[in-house]
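Just so we're aligned: 75 in UniProt numbering is position 75 of the sequence shown, and the numbers increase by one with no gaps anywhere.
Ideal Cβ positions, reconstructed from N, Cα and C, are used throughout, including at glycine.
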Amino acid sequence: INAVAQVETSLAPRALLDALLDIEHRHGRERSFRNAPRTLDLDLLLYGHAHFHEEALTLPHPRMCERGFVLLPLLEIAPGTVIPGRGPAADWLAACADQHITVLPPPAAAVNA
């Protein structure tokens, strides 16, 4: 299951990534090898309109424009998203049309709320 969340934070980009990695670790994520199976995978996609690059973190996320499973939920919560240096996220989603994504219905509790 893939999802996207928008948060407000006072953390700098690297500190926010470190917090996400700590959450993964506390939920049993082990990084034994590249692309190993995961119990939880949290990625930092965007940080406002910032461009950021260091060894462990590049923003915007370098592969987000190739992933319909990222773009679709991003556009559900922020339809007007513009990816810095790349353009409107909706334009990139159209390029992912060949990816087969199944949208799950909301839980019954959310529908009845």
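Anyone know if the C-beta pair for residue i and residue j falls short of 8 Å?
| i | j | result |
| --- | --- | --- |
| L45 | L20 | no |
| V4 | L74 | yes |
| H51 | P84 | yes |
| G48 | Q99 | no |
| R14 | L57 | yes |
With distances taken from CA atoms, which of the options is nearest residue i?
| i | options | result |
| --- | --- | --- |
| D91 | A50, L11, A15 and M64 | M64 |
| R86 | I23, H61, L16 and A97 | H61 |
| L71 | R14, A97, E55 and L17 | A97 |
| H53 | R34, L17 and T102 | L17 |
With a CB to CB cut of under 7 Å and the five nearest residues on each side skipped, what residues in its chain are close to residue i?
| i | result |
| --- | --- |
| G28 | T39 |
For residue i, collect the residues of the same chain with a Cβ closer than 6 Å to its Cβ; drop the 5 residues on either side in sequence, then sort them by chain order.
| i | result |
| --- | --- |
| V82 | P88 |
| E24 | L40 and L42 |
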